[in-house]
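Trainee: Each number in the working numbering corresponds to the 1-based position in the sequence shown with 226 added. For every residue, glycine included, the Cβ atom is placed at its ideal position computed from N, Cα and C. First the structure, then my questions, so here it is.
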Amino acid sequence: MSVFKKEWRRRGALGVLAAVFLSMPLACGRDKEPPVVTITSPADGETVSGYVSITVEATDDDSVASVSFIIDDSSAGTLYQPPWEYEWNTLELEEGSTHTIKATALDPSDNEGESEPVTVTVMQPSNPPVTPGAPQGPSAGFVGDALTFRARTTDPDDDSISYQFDWGDGTKSVWTDYVTTGEEMEVQKAFDSEGTYTVKVRAKDTYEVTSALSLGLTVVISPVSSTGSIQVNSVPTGAEIWLDGTNTGKTTNALLDKIAPGERTVSLRKEGYADYQTKVTVVAEQTAEVNATLERIGEVIWRYETGGEIESSPAIGSDGTVYVGSSDSKLYAITPTGGLYKDYTTDFAVRSSPAVGSDRKIYFGSDDVYVYALHPDVVRYWEYKTEGYVSSSPAIGSDGTIYVGSGDDNLWALTSEGNFK
227 MSVFKKEWRR
237 RGALGVLAAV
247 FLSMPLACGR
257 DKEPPVVTIT
267 SPADGETVSG
277 YVSITVEATD
287 DDSVASVSFI
297 IDDSSAGTLY
307 QPPWEYEWNT
317 LELEEGSTHT
327 IKATALDPSD
337 NEGESEPVTV
347 TVMQPSNPPV
357 TPGAPQGPSA
367 GFVGDALTFR
377 ARTTDPDDDS
387 ISYQFDWGDG
397 TKSVWTDYVT
407 TGEEMEVQKA
417 FDSEGTYTVK
427 VRAKDTYEVT
437 SALSLGLTVV
447 ISPVSSTGSI
457 QVNSVPTGAE
467 IWLDGTNTGK
477 TTNALLDKIA
487 PGERTVSLRK
497 EGYADYQTKV
507 TVVAEQTAEV
517 NATLERIGEV
527 IWRYETGGEI
537 ESSPAIGSDG
547 TVYVGSSDSK
557 LYAITPTGGL
567 YKDYTTDFAV
577 RSSPAVGSDR
587 KIYFGSDDVY
597 VYALHPDVVR
607 YWEYKTEGYV
617 SSSPAIGSDG
627 TIYVGSGDDN
637 LWALTSEGNF
647 K
């Protein structure tokens with residue numbers, strides 16, 4: 227064999243050998259490390275009740291693709307993005323029963339990590355508060371601005387209530403001080419970065435029994451630099467300016483500044499004039515303009531001051547008596563000339579608009595979870611207990627059936643005699 231052929235064979239063999247060694251790190255470097263999974267709440271051995279928030283901490287040298295929750299060896303649900311938190315309803319479980327909770331996590335390479343099991347005991351010392359409605363508050367704001375959010379619900383055992391807001395940014399408020407069932411609670415929040423957040427709220431009673439999370443309020447947070455303004459004018463001037471359902475505290479003519487870009491709703495309110503409402507598009511670094519001519523609707527004939535805010539609409543009886551509810555827990559019967567005829571006191575705010583039947587009986591609901599029927603002389607005819615606050619207005623069918631919605635997510639049908647239909 228020639229020297230050339232020997233050298234070629236030697237170098238060719240080295241080339242093949244080098245290729246083999248170069249390919250080996252690729253196979254050896256495949257991610258084989260599973261995520262590290264820890265259940266941070268509830269604690270092992272804890273006694274739980276109501277709606278329990280199972281929270282998990284999962285870390286990986288790459289990333290965590292999903293987290294699954296396992297209760298008593300059965301899959302409860304899987305999440306694909308943080309926060310890794312699952313809401314577990316324990317209300318239907320046997321009193322004193324024990325349950326085992328585990329969590330698993332997958333990374334992009336399908337490596338699976340598993341938590342240590344957590345064992346809890348279910349005890350229900352009381353009924354949970356009614357799940358609150360979606361929080362009330364602004365739908366838009368700016369980074370760093372303190373925004374005010376409100377929540378209210380009732381407790382079937384009349385226990386005092388504390389609230390916790392889930393801000394949708396991975397953080398939660400501390401539990402508030404306890405307030406009387408049915409009383410509204412306000413909490414402020416300043417978001418640290420721009421984005422769209424879903425704010426929710428839950429409630430608990432003095433026995434630490436929690437409700438489910440509420441529906442969400444979507445809040446769009448914009449950077450401070452990208453703001454516009456709205457010049458609001460009216461004829462006549464002096465109308466209250468409301469922006470997206472919130473009173474700005476200003477009256478026309480006035481400039482509203484630091485407004486987040488997008489479509490905004492401007493409303494004007496002035497006594498003796500019809501409410502005015504329009505939509506306006508706000509553009510960053512520009513000033514939009516609203517020019518309104520208010521329509522006069524007549525002079526004020528009389529006014530009657532109740533002991534609280536009026537959120538219900540009035541109903542008028544065949545004799546001209548005006549019936550209206552108030553947050554001071556009363557239904558008022560006011561004469562056609564503006565004097566008090568009688569009032570009826572419930573246990574909590576009356577936000578339900580009353581309805582007057584053909585028999586002149588008055589039907590309405592209260593935040594104390596009852597539906598009421600009163601005689602024309604404002605004496606109770608009957609009351610019916612639902613399972614949540616009643617803020618909707620009853621409707622009366624042609625056969626006398628009373629239909630009314632409740633905060634317990636049910637539509638109730640009652641006979642004119644106050645029986646469940």
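Going by C-alpha distance, which of Asn459, Leu481, Thr474 is nearest Asn517?
Mentor: Start at 1 with the first residue of the sequence shown, and residue 517 comes out as number 291. Of the candidates Asn459, Leu481, Thr474, the one whose C-alpha sits nearest the C-alpha of Asn517 is Asn459.
Trainee: Should Arg490 go down as buried or exposed, given a rule of 16 or more other Cβ atoms within 10 Å for buried?
Mentor: Taking the first residue of the sequence shown as 1, we reach residue 490 at position 264. Flag for Arg490 reads buried.
Trainee: Between the region 312-319 and the region 277-286, are three or more C-beta pairs nearer than 8 Å?
Mentor: yes
Trainee: If you follow the beta strand (DSSP E) that His325 is in, where does it begin and where does it stop?
Mentor: Locating residue 325 in the sequence shown gives position 99, where the first residue counts as 1. Note, His325: beta strand (DSSP E), 324-332.
Trainee: Where do the N-terminal and C-terminal ends of the beta strand (DSSP E) with Ala575 fall, by residue?
Mentor: The sequence position of residue 575 within the sequence shown is 349, counting from 1. Neither: Ala575 is in no beta strand (DSSP E) and is coded neither H nor E.
Trainee: What does DSSP give as the partner residues of Glu489 in its beta bridges?
Mentor: Start at 1 with the first residue of the sequence shown, and residue 489 comes out as number 263. For Glu489, which the question treats as bridged, DSSP gives the partners Thr507.
Trainee: Could you check what DSSP says for Val282 in three-state terms: helix, strand or coil?
Mentor: On the sequence shown, position 56 is the one that residue 282 refers to. Strand.
Trainee: For Ile542, I'd like the list of residues in its chain whose CB is within less than 6 Å of its CB, leaving aside the five on either flank, ordered along the chain.
Mentor: If you number the sequence shown from 1, residue 542 lands on position 316. Setting aside the 5 residues that flank it on each side, Ile542 is surrounded in the same chain by Val548, each with a C-beta closer than 6 Å to its C-beta; the list follows chain order.
Trainee: Can you pull the DSSP bridge partners for Glu338?
Mentor: The count along the sequence shown starts at 1 and reaches residue 338 at position 112. Glu338 is bridged to Leu332.
Trainee: Relative to the C-alpha of Ser555, which residue among Thr563, Ile536, Val576, Gly565 is closest?
Mentor: Sequence index remark: in the sequence shown, residue 555 carries index 329 (1-based). The candidate whose alpha carbon is nearest that of Ser555 is Val576.
Trainee: In whole angstroms, what is the alpha-carbon distance linking Asn479 and Thr453?
Mentor: For the purposes of this step, residue 479 is taken as the residue at position 253 of the sequence shown. For the purposes of this step, residue 453 is taken as the residue at position 227 of the sequence shown. Answer to the nearest angstrom: the Cα atoms are 20 Å apart.
Trainee: Would you mind giving the Cβ-Cβ distance between Val427 and Phe391, rounded to the nearest angstrom? I have them listed as a contact below 8 Å.
Mentor: Residue numbering aside, residue 427 sits at position 201 when the sequence shown is read from its first letter. Residue numbering aside, residue 391 sits at position 165 when the sequence shown is read from its first letter. With 8 Å as the limit, Val427 and Phe391 qualify as a contact, their Cβ atoms being about 5 Å apart.
Trainee: In this structure, how does DSSP classify Asp635 when only helix, strand and coil are distinguished?
Mentor: As a working mapping, residue 635 is identified with position 409 in the sequence shown. Under the three-state reduction of DSSP output, Asp635 falls in the coil class, being neither helix nor strand.
Trainee: Can Ser388 and Thr402 be called in contact, C-beta distance under 8 Å?
Mentor: Here the question's residue 388 lines up with position 162 in the sequence shown. Here the question's residue 402 lines up with position 176 in the sequence shown. For Ser388 and Thr402, yes; Cβs fall inside 8 Å.
Trainee: To the nearest angstrom, how far is the alpha carbon of Ser539 from that of Ser579?
Mentor: Here residue 539 corresponds to residue number 313 of the sequence shown, with the count starting at 1. Here residue 579 corresponds to residue number 353 of the sequence shown, with the count starting at 1. Computed Cα separation, rounded: 5 Å.
Trainee: Which one of Lys328, Lys505, Lys568 has the shortest CA to CA distance from Gly488?
Mentor: Residue mapping note: residue 488 aligns to position 262 of the sequence shown, counting from 1. Per the Cα distances, Lys505.
Trainee: Using a Cβ-Cβ cut-off of 6 Å (strictly less than) and excluding sequence neighbours within five positions of Tyr530, which residues of its own chain qualify?
Mentor: The sequence position of residue 530 within the sequence shown is 304, counting from 1. Taken in chain order, the residues that qualify are Ile560, Gly564.
Trainee: How would you label Val348, buried or exposed, when you count the other beta carbons within 10 angstroms and need 16 or more for buried?
Mentor: Within the sequence shown, the letter at position 122 stands for residue 348. That one is buried.
Trainee: Classify Tyr629 as helix, strand or coil using the three-state DSSP reduction.
Mentor: To locate residue 629, count along the sequence shown from 1; it is residue 403. In the structure shown, Tyr629 sits in a strand (DSSP, three-state: E or B).
Trainee: Can Asp593 and Gly408 be called in contact, C-beta distance under 8 Å?
Mentor: Here residue 593 corresponds to residue number 367 of the sequence shown, with the count starting at 1. Here residue 408 corresponds to residue number 182 of the sequence shown, with the count starting at 1. A contact, by the Cβ cut-off of 8 Å.
Trainee: By how many angstroms is the C-alpha of Gly631 removed from the C-alpha of Ser619?
Mentor: Within the sequence shown, numbered from 1, the residue matching residue 619 stands at position 393. Within the sequence shown, numbered from 1, the residue matching residue 631 stands at position 405. Computed Cα separation, rounded: 8 Å.
Trainee: By DSSP, does Ala438 sit in helix, in strand, or in coil?
Mentor: Translated into the one-based positions of the sequence shown, residue 438 becomes position 212. Looking at Ala438 - three-state DSSP - the assignment turns out to be coil, as it is neither helix nor strand.
Trainee: Roughly how many angstroms separate the alpha carbons of Val262 and Leu439, rounded to a whole number?
Mentor: As a position in the sequence shown, residue 262 is number 36, starting the count at 1. As a position in the sequence shown, residue 439 is number 213, starting the count at 1. Their Cα atoms are separated by approximately 28 Å.
Trainee: Give every residue of the same chain whose Cβ lies closer than 8 Å to the Cβ of Thr345, excluding the five residues on either side of it in the sequence, and list them in chain order.
Mentor: Along the sequence shown, one-based indexing puts residue 345 at 119. Excluding positions up to five away in sequence, the list reads Asp270, Gly271, Thr324, His325, Thr326, Ile327.
Trainee: Considering only residues of the same chain and omitting the five flanking positions on each side of Pro361, which have a CB-CB separation below 6 Å?
Mentor: As a working note, residue 361 is residue 135 in the sequence shown. Contacts found: Phe375, Ala377, Val425, Val427, Leu443.
Trainee: Taking all protein chains shown into account, decide if Tyr598 is buried (16 or more other Cβ within 10 angstroms of its Cβ) or exposed.
Mentor: Position 372 of the sequence shown, counted from the first residue, corresponds to residue 598. With a threshold of 16 other beta carbon atoms within 10 Å, Tyr598 meets it and is buried.
Trainee: What is the DSSP secondary structure of Phe417, counted as helix, strand or coil?
Mentor: For the purposes of this step, residue 417 is taken as residue 191 along the sequence shown, with counting starting at 1. The answer is coil: DSSP assigns Phe417 none of H, G, I, E or B.
Trainee: With Val526 as the anchor, note down where its beta strand (DSSP E) starts and where it stops.
Mentor: In the sequence shown, counting from the first residue as 1, residue 526 sits at position 300. Here Val526 belongs to no beta strand (DSSP E), and DSSP marks it neither H nor E.
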